[in-house]
Amino acid sequence: MASVCRILIFSICFGLLTDELYAANLISSSNRIQEIEVGVIVDMGSWVGKTIHACISMAISDFYESNSHYATRTVLHVRDSHGRPLGVLSAAVDLLENIKVHAIIGLETFLEDKFLAILTEKAKIPILSFAPSVASPNEFPYIVKIRSDEATQFDGIASTVKSFEWNDVVLIYEEYTKNERKTIPHWVESFEGKNIHISYRSVISFSSKDNEILKELHKIMTLDTKIYVVHMSLSLASRLLVNAKRLGMVKDEYVWIITDKAMNSVHSMDFDVIDSLQGALGFKANIAESSKLRNITSRWRREYQYENPKMVSKKLPVVGIRAYDTMQALAEAVERVEILNAKDQVAGLRSSFLHSHGGMLLLHELSQVRFEGLSGEFELGDGKLYPEEFNLVNVQDNEEKRMGVWTTKDGSFRELNSSVCSFNPSKDSNAFTCRKGYRIIPRGSLLQTMGRKKLRIGVPVKPSFKELVDVRYDPQTNATIISGYCIDVFETAIKALRHELLYEFVPIPNGSYDDYAQQVYLQTYDAVVGDITITSDRSQYVDFTLPFTELGVGMVARLNDKDPWFFLKPLSGPLWIVSASSFILTGFVVWLIEHPINDEFQGSKASQIGTIVWFAASTLVYAHREKLKSNISKFVVGVWLFVVLILTSSYTANLSSLLTLQRITLVKGDSIGAKSFVQGFTVSNLNFQDNMVMPYSSPERYNEALRRGSKKGGVGAIIDEIPYIKLFLAKYPHDYAMIDSQETTNGFAFVSVLLP
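Here the sequence shown stands for residues -23 to -1, 1 to 733, where the numbers follow mature numbering (1 follows the signal peptide of the UniProt record, and there is no 0).
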């Protein structure tokens, strides 16, 4: 039995080996070399198109020089799109119908991608595109992206901004087509995930003229935020930066962050553009130097820079490096498909290079190709390139200084050699420092700049109304405790800021509110927090925040003492007597009419008296239950009910009045109490005599003066700002009431000369 198994295994292995040898024999035969047509569509008038074409040509030459034994030869058919999407579509139709290409490489824009995606869904051939995208690979399965997923880069830029503790940015991007707008939600999601606010979105069209760009830059300059994230094509980014330099927007107080859409090709820019980039941050693919890369770069420069003498590039652009690696990956995938076809031929299947499922087979093999290319470990999977790292660079002296590396796998930065850059923000300054002493200071807004020093916040020491501001010394802890409503509002506002603001409270023991504002103007204090009223005089030399209390002044007066017979006051005494007599008289008249004919009005004398009284009383609330038979008695009751309606309405109205205004006693000639500020600001306009206005400054003195009244040396009413009156009424809710108010003041606010 064992010998039979060994023979069976040997037979199977021999058969497989024979098939492999036969397939290899078919492939290695010189007259079996198969030419595979591949289309190349680029804009030969642009530096990107020229670079892609040059690098693809070098890649094919180098690949088959190293793999001369391969059974396939990729033949390139180049078409010039002239930078027009319709030109791309026309070239693709020509390549598919006349050349019968099996793959297309090139494409630089979203729109070109969109046109060919629809076409290749019908042709079922892969397209290797250099256009940026955030679309799902499942949306266009035959499109393979030869650049990183932009959503990944956005996360890295958001982390960069957060690392330097910048919390506001301005996003400047190129006007997109409908398909390209899918990028924007990824930006927003990345920044919001790091709690970074996009203060403004500036959209600039590729066709915008310089005067239009300058107009938009002027608008951006007026914003507090000075951190700009630029996401646009190289040509438009170049024009933007040159115009920004003309406006002086590349100084220390401005920070420019350029995405890889332009930064990957920064070396192809001319001297003017490179000079405008000095000090800017850039995000680009992390590609390590190697001898092979230096060799390819030298060959490319000899060919390309000879035609472009103004270009200052010393390095091969990232798009060229990726084009080189991609072309070699495609050639390797083509060879693998041919090997599979050779095996199919051994099995008796069709031997054509691409049968009905050839496009998908080529895509599959392309996703399986992995090798060490110019860009490092090269891999295409899920319809896109897999870069592991991005460089954060700082442009200095026409060169890039690498500051940090963003790792997509970990979603974090790692610090480089400190001799190149000190990356971590210090406690005293959020700036980073690079070699040669160049510094970028993150001034996202004026408040953020203020946050680098501890502010001195003055707090008035007040003997009254401590609910607003209370400054007291604690002997046990030897500390000054500052509290109150104004302090709570200030601290809540500080917590709501997106920037950390360092401050300390400094008690101000003496002085008027005008003095406090003057001290801010003289920069003794950076701000004053307290119950400080906004006035036009103070606003001439200090700034105020928005008011955080009610506006205006009010008048408060004393309520009358409570009387147990208070409910009788709505009607006069004679009216009460007439009303009571009318009740009894009406009951008697009705009894007199109904007694002979109505059983309900008959009975014993006591019963009849009770009926008279009850009937009269029940009409007050329209609840009489006795049925009247005489029309005369019905007429009498109808008239009486009308009289009752008038009486009850009058009583209710008078009672309501007594419970409110009429309880307040303010007699002509009474003295008025007021704080000194209100006395000079409001009361002076009310034609009160000087001896009728008395100054008071605390709730306790208000209460004492109002209780004594004008006749006993007190006052009949107090005029003060509404916040003070509400605190007073909260303390004495049953004795006093506010009888009038007017918005003659602007409320309380904080004072500062630092507010924008």
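Beta carbons are placed, not taken as given, at the ideal position from N, Cα and C, and that holds for glycine. All values reported here derive from a predicted model rather than from experimental measurement.
- The residues 344, in chain order, have a CB closer than 7 angstroms to that of residue 358 in the same chain once the five nearest residues on each side in sequence are set aside.
- Annotation for residue 137: the continuous alpha helix (DSSP H) segment containing it runs 127 to 140.
- Distance from the CA of residue 129 to the CA of residue 87, rounded to the nearest whole angstrom, comes to 18 angstroms.
- The stretch 263 to 278 makes no contact with the stretch 47 to 65, as fewer than three CB pairs between them are under 8 angstroms.
- In this structure, the straight-line span from the alpha carbon of residue 180 to that of residue 206 is close to 12 angstroms.
- Sixteen is the threshold: when 16 or more other Cβ atoms of the shown chains lie within 10 Å of the Cβ of residue 462, as they do, the residue is buried.
- Contact between residue 679 and residue 695 holds, since their C-beta atoms are separated by about 5 angstroms, short of 8 angstroms.
- Annotation for residue 70: 96 place their beta carbon closer than 8 angstroms to its own, counting only its chain and skipping 5 residues before and after.
- Residue 548 is a Cβ neighbour of residue 631, given a cutoff of 9 angstroms.
- Between residue 348 and residue 305, the C-beta spacing is below 9 angstroms.
- Leaving aside the five residues that flank residue 164 on each side, the residues in its chain whose CB is nearer than 7 angstroms to its CB run, in chain order, 131 and 148.
- Assigned with DSSP and collapsed to three states, residue 481 falls in strand.
- For the set 100, 117 and 123, the Cα lying nearest the Cα of residue 106 is the one of 123.
- Boundaries cannot be given for residue 172, as no alpha helix (DSSP H) includes it and DSSP labels it neither H nor E.
- Here residue 690 is exposed, its C-beta having fewer than 16 other C-beta atoms within 10 Å.
- In the structure shown, residue 564 adopts helical secondary structure according to DSSP, grouped into three states.
- For the set 64, 83, 10 and 62, the Cα lying nearest the Cα of residue 49 is the one of 10.
- For residue 500, no beta strand (DSSP E) segment is defined, and its DSSP state is neither H nor E.
- A direct Cα-to-Cα measurement between residue 266 and residue 351 gives close to 8 angstroms.
- Between residue 626 and the set 374, 649 and 597, the nearest pair of CA atoms involves 597.
- Residue 226 carries a coil assignment under DSSP once its states are collapsed to helix, strand and coil.
- Rounded to the nearest whole angstrom, the CA to CA distance from residue 190 to residue 309 is 46 angstroms.
- Under the DSSP assignment, residue 718 falls in the beta strand (DSSP E) whose first and last residues are 713 to 719.
- Here the C-alpha atom of residue 628 lies approximately 22 angstroms from the C-alpha atom of residue 564.
- Contact fails between the stretch 67 to 81 and the stretch 26 to 37, because fewer than three Cβ pairs, one in each stretch, are under 8 angstroms apart.
- Closest in alpha carbon position to residue 223, among 198, 551, 729 and 235, is 198.
- The shortest CA-to-CA distance from residue 608 to any of 594, 593 and 567 is the one to 567.
- In this structure, DSSP gives residue 377 an extended state, which the three-state scheme calls strand.
- About 11 angstroms separates the CB atoms of residue 511 and residue 525; that is not less than 8 angstroms, and the two are not in contact.
- The Cβ atoms of residue 372 and residue 251 sit closer than 9 angstroms to each other.
- Burial state of residue 487 is exposed, judged by a 10 Å Cβ sphere holding fewer than 16 other Cβ atoms.
- The C-beta of residue 137 has 16 or more other C-beta atoms within 10 Å across all chains shown, which makes the residue buried.
- Here the alpha carbons of residue 622 and residue 722 stand approximately 46 angstroms from one another.
- DSSP, read as helix, strand or coil, puts residue 452 in coil.
- Nearest neighbour of residue 146 by Cα position, chosen from 40, 730, 171 and 451, turns out to be 171.
- Between residue 494 and the set 434, 444 and 236, the nearest pair of CA atoms involves 434.
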